[in-house]
Amino acid sequence: MAQCIEYLTNSSPLPSDYCCAEVKSLNQMAHTTPNRRQLCECLKSLVKANDGFINIELVGTLPTICDVSVPYPTSLNTNCD
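Count along the sequence shown from 1, add 970, and you get the number used in our numbering.
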């Protein structure tokens, strides 16, 4: 998610094309239940580790803005199991 840091920290009004490419790539990697769980836990850990630095509300906007269909909720409250 390094390509998305400027957007997620309110330094850019929109995510870059590189950020959206990264979001799409991560979504493609999550094609099995174990992979989705692992990605979910990884993203939650990343956001929690950067609490106060990353705008949590913006994380949930990435799939829509980047035109990525995510069949599960994107929030810190998501149960990764």
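Positions of the beta carbon are idealized from the N, C-alpha and C atoms, including for glycine.
Q: Can you tell me the Cβ-Cβ gap for Cys-1036 and Pro-985, rounded? I've got them flagged as a contact below 8 Å.
A: Position 66 of the sequence shown, counted from the first residue, corresponds to residue 1036. Position 15 of the sequence shown, counted from the first residue, corresponds to residue 985. Right, the Cβ-Cβ distance comes to about 6 Å (below 8 Å), so this counts as a contact.
Q.
I need the boundaries of the alpha helix (DSSP H) containing Asn-997, first residue and last residue.
A. Here residue 997 corresponds to residue number 27 of the sequence shown, with the count starting at 1. Taken as a continuous stretch (DSSP letters only), the alpha helix (DSSP H) holding Asn-997 covers 987-999.
**Q.** Host alpha helix (DSSP H) of Asn-1005 (start-end)
**A.** In the sequence shown, counting from the first residue as 1, residue 1005 sits at position 35. Asn-1005 -> alpha helix (DSSP H) spans 1003-1019.
Q: Quick one: residues in its chain with C-beta nearer than 7 Å to the C-beta of Thr-1002, no 5 flanking neighbours on either side, listed in chain order?
A: Translated into positions along the sequence shown, residue 1002 becomes position 32. So the list is empty, once near-sequence residues are dropped.
Q | Environment of Tyr-977 [buried if 16+ CB atoms lie within 10 Å] | A | Counting from 1 along the sequence shown, the entry for residue 977 is found at position 7. It is buried - the Cβ of Tyr-977 has at least 16 other Cβ atoms within 10 Å.
Q: Tell me whether the beta-carbon of Asn-980 lies closer than 8 Å to the beta-carbon of Asn-1020.
A: Residue 980 sits at position 10 when you count from the first residue of the sequence shown. Residue 1020 sits at position 50 when you count from the first residue of the sequence shown. Taking 8 Å as the Cβ cut-off, Asn-980 and Asn-1020 do not qualify as a contacting pair.
Q: Using beta-carbon positions only, say whether Thr-1044 and Pro-1033 come within less than 8 Å of one another.
A: Taking the first residue of the sequence shown as position 1, residue 1044 is located at position 74. Taking the first residue of the sequence shown as position 1, residue 1033 is located at position 63. Cβ distance < 8 Å, so Thr-1044 and Pro-1033 count as in contact.
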